[in-house]
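Since the structure comes first, as structure tokens, the remarks are kept for the end.
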Amino acid sequence: MSGPVAPVTPPPCWQCCAPFTFDAWLDALVDWWAAVNVVRLACPACSAVEDVALETDAFERGYVYAAGTAHFAGMERHSLPGLAIRGCATHLEVTLGGRSRSLPRRDPPKTVTDPAAAEAKPVSSRSGRSTRRRRA
Ligand SMILES: [Zn+2]
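Start counting the sequence shown at 1; every next residue gets the next number (the working numbering).
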């Protein structure tokens, strides 16, 4: 290999196409949704918010959808050399380009229309002990 390697920069904003530097990208990270391990990224130019999943040296653009619980669907994978993350109980530590930021953990409330939760309610028709029935 010869010659200088072109520096990899984060992809531009999906909404307004504003370019990101490493610094700007790191500063645009908002918070960390620990349950699905997704970070919100808010464009400083147009305020568009997107969901990204961070990993070592790369990240994935995508979206969060609900199917019982929340899931992340990755759409576009981007290489971002130097990216490192470390999740803690209260925050996510993100390192990029020699800088680190600590993102607050965000845990949105669970959806109220959870069928499992509704089913789990005990039916108090009897005072007996056979409220839970089992069939083989
Ligand atoms: Zn934008």
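C-beta: ideal position from N, C-alpha, C; glycine also.
Predicted, not measured: the structure shown is a model, and the values here were computed from it.
With a beta-carbon spacing of about 6 Å, Y63 and A73 fall inside the 8 Å limit used to define contacts. In the DSSP annotation of this structure, the continuous segment of the alpha helix (DSSP H) that includes L26 starts and ends at 22 to 28. Per DSSP, the beta bridge partners of V52 are V39, R61.
In this structure, A45 and C13 form a Cβ contact; the two beta carbons are roughly 6 Å apart against a cut-off of 8 Å. In the same chain as E50, and ignoring 5 residues on each side of it, the C-beta atoms closer than 7 Å to its own belong to W14, L41, R61, in chain order. For P104, DSSP records a beta bridge to H91. Here the distance from the Cβ of A84 to the nearest heavy atom of ligand 1 is not below 8 Å. Cβ neighbours of T90 within its own chain (closer than 7 Å, five residues either side excluded): R105. In this structure C17 is exposed. Its beta-carbon is surrounded by fewer than 16 other beta-carbon atoms within 10 angstroms. Closer than 8 Å to some heavy atom of ligand 1: that describes the Cβ of A48. Close CB contacts of W25 within its chain, under the 6 Å cut and outside five residues either way in sequence, are with P10 (chain order). Non-local beta-carbon contacts of I85 in its own chain, meaning distances under 8 Å to residues more than five positions away in sequence, involve L54, E55, T56, L92, E93, V94, T95 in chain order.
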